[in-house]
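All letters in the sequence shown, in the order written, are residues 1 to 141 by the UniProt record's numbering.
We treat Cβ as the ideally placed atom computed from N, Cα and C, and that holds for glycine.
Worksheet: one structure, shown below.
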Amino acid sequence: MAVTGNITRYNLKQQPVMKTKKLTLNVVLFTAMSVGLLACSKDQAEKPQDPPPPKPDEVTAANVTYANFASNLFQTKCSGCHAPGGGGSGAWTFNGYASVQANAGRINNVTLVTMTMPRNGSLSAKEKELLKAWLDKGLPQ
C-alpha cells in the first residue's frame, strides 16, 4: 500500500483534481477486485448435486413390473377395446398377464414401433419409456 500511497501523492501534485479522483477510484477498484479474486477458490464452488433417489413407491425403468405398472396400463389404455366383449378387433384380447405375455411382440410393435395403438394415441412419454423397459426386461410379473 505504501507504493500506492506514494503514487497517489505524486499524482495529487501533478494532475488536476478530476484526474486524481479518477486514478484513486481506479486504484481502489483494482484493489477490491484483487481481494475478491483471491478470496475465490474452486473449493467454494457448489458441487453438482446427484439427482434425488426415486421414491420407494415410484415406478422406474429399473423396477417396472406387471404388478406395479403394466397391469394398470393395459386396464386403462387397452381393455376398453381389447377386453372380452370390448368391441375391438379380434387381433388381441386383454385377459390378464398370460394374454399380454403371449402377445408381447404384437404389443411392442403397435405401441412402440408403429405407434398405432392405443387409437387415441394416449400413451405418455413416461408410459412408453416404462412399457419399453418392461418389455426389454422380459415382462417381469
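Does the count of Cβ pairs from the segment 100-112 and the segment 28-41 closer than 8 Å reach three?
no
Can you list, in chain order, the residues of its chain whose CB lies under 6 Å from that of L123, leaving out five sequence neighbours each side?
Sequence index remark: in the sequence shown, residue 123 carries index 123 (1-based). So no residue of the chain qualifies.
Using only CA atoms, which one of V113, G138, R119 lies nearest to K128?
One-based indexing of the sequence shown puts residue 128 at position 128. Comparing Cα-Cα distances from K128 to each of V113, G138, R119, the minimum goes to V113.
Closest residue to P140 among L29, V110, T65, C81 (Cα-Cα distance):
Residue 140 sits at position 140 when you count from the first residue of the sequence shown. Nearest option by C-alpha distance: T65.
If you run the structure through DSSP and keep just helix, strand and coil, what is T31?
Taking the sequence shown and counting its residues from 1, the one referred to as residue 31 is at position 31. Correct three-state label for T31: helix.
Under the three-state reduction of DSSP, which class applies to Q49: helix, strand or coil?
As a position in the sequence shown, residue 49 is number 49, starting the count at 1. Q49 falls in the coil class under three-state DSSP.
In the DSSP assignment, the alpha helix (DSSP H) including W134 goes from what residue to what residue?
Indexing the sequence shown from 1 puts residue 134 at position 134. First-last of the alpha helix (DSSP H) with W134: 125-136.
Under the three-state reduction of DSSP, which class applies to F69: helix, strand or coil?
Your numbering for residue 69 matches position 69 in the sequence shown. Helix.
Give the C-beta separation of F69 and L135 to the nearest angstrom, bearing in mind that I take them to be a contact with Cβ-Cβ under 8 Å.
Numbered from its first residue, the sequence shown carries residue 69 at position 69. Numbered from its first residue, the sequence shown carries residue 135 at position 135. So it is not a contact: roughly 11 Å between Cβ atoms.
Between the C-alpha atoms of N95 and K137, what's the straight-line distance to the nearest angstrom?
The residue given as residue 95 occupies position 95 in the sequence shown. The residue given as residue 137 occupies position 137 in the sequence shown. Roughly 21 Å between the two C-alpha positions.
Is L139 helix, strand or coil by DSSP?
Residue mapping note: residue 139 aligns to position 139 of the sequence shown, counting from 1. In this structure, L139 counts as coil in the three-state DSSP scheme.
Chain-order list of residues whose beta-carbon lies under 8 Å from that of A67 (same chain, five-residue window excluded):
The residue given as residue 67 occupies position 67 in the sequence shown. Cβ neighbours of A67 beyond the five flanking positions: Q141.
Going by beta carbon distance, what residues of the same chain come within less than 8 Å of S99, once the five residues before and after it are set aside?
Here residue 99 corresponds to residue number 99 of the sequence shown, with the count starting at 1. Result list for S99: W92, T93, in chain order.
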